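Trainee: Submitted below is the structure of interest, expressed as structure tokens.
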Amino acid sequence: MKSYYIHKLDGNMQGKYSIYIGKKSGIRLIIIPLNREYEQWEEKNFDIICLYTQIVEIQEVSKHYE
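Listed below in structure tokens is the structure:
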């Protein structure tokens, strides 16, 4: 299975995460993981958020360095 690089964003993007779709393409998704109530997680533990998230809100799809 192919894996993607995901990391937390900070500053005015707190609570959002970036997923790089491909190194060559430079395309990334900005997402907000949502809990079972379709709300942003209050949990701060990244591993727990990754383990239990089943729904994400896609905020942006872009070429990161353009």
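My numbering numbers the first residue of the sequence shown as 5 and each following residue consecutively. From the three backbone atoms N, C-alpha and C, an ideal C-beta is built for every residue, glycine too. If you're wondering where the values come from, they're calculated on a predicted model, not measured in any experiment.
Tell me, please, whether the segment 44-54 touches the segment 24-35 by the rule of three or more beta-carbon pairs shorter than 8 Å.
Mentor: Touching, no.
Trainee: Take the Cβ of TYR8 as the centre, count every other Cβ of all protein chains shown within 10 Å, and call the residue buried at 16 or more, exposed below.
Mentor: What you label residue 8 is simply residue 4 of the sequence shown in a count that begins at 1. So TYR8 ends up on the exposed side.
Trainee: So, helix, strand or coil for ILE35, using DSSP?
Mentor: Sequence index remark: in the sequence shown, residue 35 carries index 31 (1-based). Three-state DSSP puts ILE35 in a strand.
Trainee: With a threshold of 16 other CB atoms inside 10 Å of the CB of ILE35, please say whether the residue is buried or exposed.
Mentor: For the purposes of this step, residue 35 is taken as residue 31 along the sequence shown, with counting starting at 1. By the 10 Å Cβ count, ILE35 comes out buried.
Trainee: Is the beta carbon of LYS20 closer than 8 Å to that of GLN63?
Mentor: In the sequence shown, counting from the first residue as 1, residue 63 sits at position 59. In the sequence shown, counting from the first residue as 1, residue 20 sits at position 16. Result yes, Cβ atoms of GLN63 and LYS20 sit closer than 8 Å.
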